[in-house]
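Note that the sequence shown covers residues 1 to 59 in the UniProt record's numbering. Beta carbons are placed, not taken as given, at the ideal position from N, Cα and C, and that holds for glycine.
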Amino acid sequence: DTYRGVSKYCPYAVINLISNPVNSTVPIAAEVLKKAGIYDPKRLLGVTTLDVVRANTFV
């Protein structure tokens, strides 16, 4: 639903996904944006910094 809203109301937004697992959520978002006809790989990013911060907290 989030990506449908983005495609409808903010089609030129840069999307940073910080949701685990990033390697699964980015392709799902990409498919929704492709169906809406607004997919641009330069504007869809998967951010893994959250995992690094969590790892540093435990180390």
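Where DSSP assigns a beta bridge to G46, which residues make up the other side?
L17, per the DSSP bridge assignment.
Determine the DSSP secondary structure at Y3, reduced to helix, strand or coil.
Helix at Y3.
Can you give the Cα-Cα distance for P27 and V52, rounded to whole angstroms?
Cα-Cα distance, rounded: 21 Å.
Go ahead and pull the three-state DSSP assignment for Y12.
Coil.
When you compare only the Cα positions, how much space is there between K8 and D40?
One alpha carbon belongs to K8, the other to D40, and they sit about 15 Å apart.
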